[in-house]
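Residue 97 in my numbering sits at position 111 of the sequence shown; the count goes up by one each step and never skips. Backbone N, C-alpha and C fix where the C-beta goes; we use that ideal spot for every residue, glycine too.
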Amino acid sequence: MPEDLLTMPDGDRFELVAGNLVERNMGAKSSYVAGRTHVLLTEFCDSHRRGLAFPEGTSYQCFPDDSSKVRRADVSFIATGRLPNDEPPDGHILIAPDLAVEVVSPNDLAYEIDEKVEEFLAAGVRLVWVVNPATRTVRVHRPDRPGITLRAEDELTGDDVLPGFRCRVQDLFGTQALSQPVPTS
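This is the structure we're talking about:
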């Protein structure tokens, strides 16, 4: 049952798909990229009062094809006014996010990511970003147009879902390796 995920000691690592528990583990690099993406969205949301950005592990139970399905986005955003009192619930979120971000991990299979994107779009998600640390690209999906791939030097925007949000794709990955020396003045 969906509520069982909330009480399982490690339930935040699982999704519930077709009645089966599906473990979702991120690699360190993917988790780092998800964290950077969440920080960028949170800073924008806080300064512009656009809504709430949710981190890795936030669960959604909003799928019309299966009311017991629970999926987790690596990062997500819900616009102001969509949640009661603009407060996150204690359990699963029962509405589709406006933006869902999936960060590709080494153990992810392409068809599973495609399936998840389609499920989110069918549930009413208006914008999905698939962020790939290995290729340093973002694939942008919308329900009404074909997906497009953005490269590191391209600009990523929130379009009409998150008006005013923009960053370089590169910003999601970090601009330089941590092993490089910090420039001094």
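Item, Value
"Tell me whether the beta-carbon of T66 lies closer than 8 Å to the beta-carbon of R36.", "yes"
"V155 to E105, Cα distance in whole Å?", "24 Å"
"Beta strand (DSSP E) containing S62: first to last residue?", "61 to 65"
"So, for G110: in the same chain, excluding its five sequence neighbours on each side, which residues have a beta-carbon less than 6 Å away from its beta-carbon?", "A82"
"Alpha carbon to alpha carbon, how far is L142 from A39?", "16 Å"
"Check the C-beta distance from L107 over to V114 and give it rounded, since I have them as a contact under 8 Å.", "6 Å"
"Would you call R58 buried or exposed, if buried means 16 or more other Cβ atoms sit within 10 Å of its Cβ?", "buried"
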